[in-house]
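Numbering (the working numbering), first residue to last: 61 to 310.
Worksheet: the structure to be examined is printed underneath.
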Amino acid sequence: EFMGAERGFICLFNGGRLEIAQARNLDQEEILNAQRKLSQSIVGQVIASGEPLVSMDAGEDGRLSEAESIHKMRIRSVACIPLTLHPAHLSVSDSKALQIIGCVYLDHRFQPAQFLDDDLELLQVFGAHAALAVKNANLVAQLEDRNARLNSRLENSAAQLLQTESLLQDALADATQRIDVPGIVYASRSMHKVLGLVKRVADQDLPMLLTGESGTGKEVLARAIHELSGRRSRPFVPVNCGAIPPDLFE
61 EFMGAERGFI CLFNGGRLEI AQARNLDQEE ILNAQRKLSQ SIVGQVIASG EPLVSMDAGE
121 DGRLSEAESI HKMRIRSVAC IPLTLHPAHL SVSDSKALQI IGCVYLDHRF QPAQFLDDDL
181 ELLQVFGAHA ALAVKNANLV AQLEDRNARL NSRLENSAAQ LLQTESLLQD ALADATQRID
241 VPGIVYASRS MHKVLGLVKR VADQDLPMLL TGESGTGKEV LARAIHELSG RRSRPFVPVN
301 CGAIPPDLFE
């Protein structure tokens, strides 16, 4: 608006590709299909040379004679400046040469001599400030991204810590409520429940039947019931029924 441009574009590199970050017309409205509304020839020339370009009559400018977009869009006045970062604004790992991060493009399709050579210095000052602002915005975005990832890691670590604390509390509770049964060493909660049942039935003066596959510890549990019962002072007599002949059963 200050330069009297009909349209203005800010182009920035994103992943090695030049993209239009902002595009506005004289009424401050967004320009649709902005990629097709500016002269790619002029933008490419400015980016390649690193030098600003101002033309008071683009259609008659010999420097732009091969730019078909100028004639197709009937552009009269145009100004394009590169957005460059000076070595002082770059990190130690960056090149000593100027770094071009994009460009500012202004044009007017109806008014010739809208941009003069005297405006070039003002445009370059604006470009320097704009480039630095873009770099700072990128740094802020990177910091926000890092902070978001760090917060995510902290939240995951906190969740894992709470889970570990819960497991430790459960283990401590199991340890304090551990059931001591002669001849049995256990660690699982399932076995804790089984031995709790053994302890409850051990004092009952009733016949008990333990079932299960061979090798699951039926005799071990039977001996545990005996050791916890009031009959612990009497003999525990296991009988291997599978070794008794059928005739003897009869």
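Just so you know, even glycine gets a beta-carbon here, dropped at the ideal spot from N, CA and C.
Which residues in the same chain as residue i place their Cβ atom closer than 6 Å to its Cβ, once the five residues preceding and following it in sequence are excluded?
i	result
ASP121	SER115
LEU269	none
GLU225	none
PRO298	GLU279
Return helix, strand or coil for residue i, following the three-state DSSP convention.
i	result
ASP121	coil
HIS168	strand
VAL185	helix
PRO26	Look at the range of the chain in this structure, 61 to 310, and you will see that residue 26 is not part of it.
SER155	Any reading at SER155 needs caution, since the residue's pLDDT is 44, under 50, leaving its predicted position unreliable; the model's value is listed next. In this structure, SER155 counts as coil in the three-state DSSP scheme.
GLU287	helix
GLU279	helix
ASN300	coil
Leaving out five residues on either side along the sequence, give the residues of the same chain with a beta carbon under 7 Å from the beta carbon of residue i.
i	result
ILE239	HIS252, LEU255, GLY256 and LYS259
Going straight from the alpha carbon of residue i to that of residue j, what length do you get?
i	j	result
GLY275	LEU210	52 Å
HIS168	LEU214	53 Å
GLN223	GLN100	58 Å
VAL245	GLN202	56 Å
SER293	ARG249	30 Å
GLY272	VAL280	12 Å
GLN95	ALA208	33 Å
ALA231	PRO305	48 Å
Do residue j and residue i count as a contact pair if the criterion is CB distance below 8 Å?
i	j	result
ALA139	ILE130	no
SER137	GLN105	no
VAL319	LEU308	What is shown of the chain runs 61 to 310, which leaves residue 319 out entirely.
ILE102	VAL164	no
GLN184	ILE141	yes
Kindly identify the DSSP beta-bridge partner or partners of residue i.
i	result
ARG67	ASN85 and ASP167
ALA139	VAL114 and LEU166
THR144	ILE160
Sorted by chain position, which residues of the same chain lie with C-beta nearer than 8 Å to residue i's C-beta, five sequence neighbours on each side aside?
i	result
ILE161	LEU72, PHE73, LEU143, THR144, LEU145, ALA191, VAL194 and LYS195
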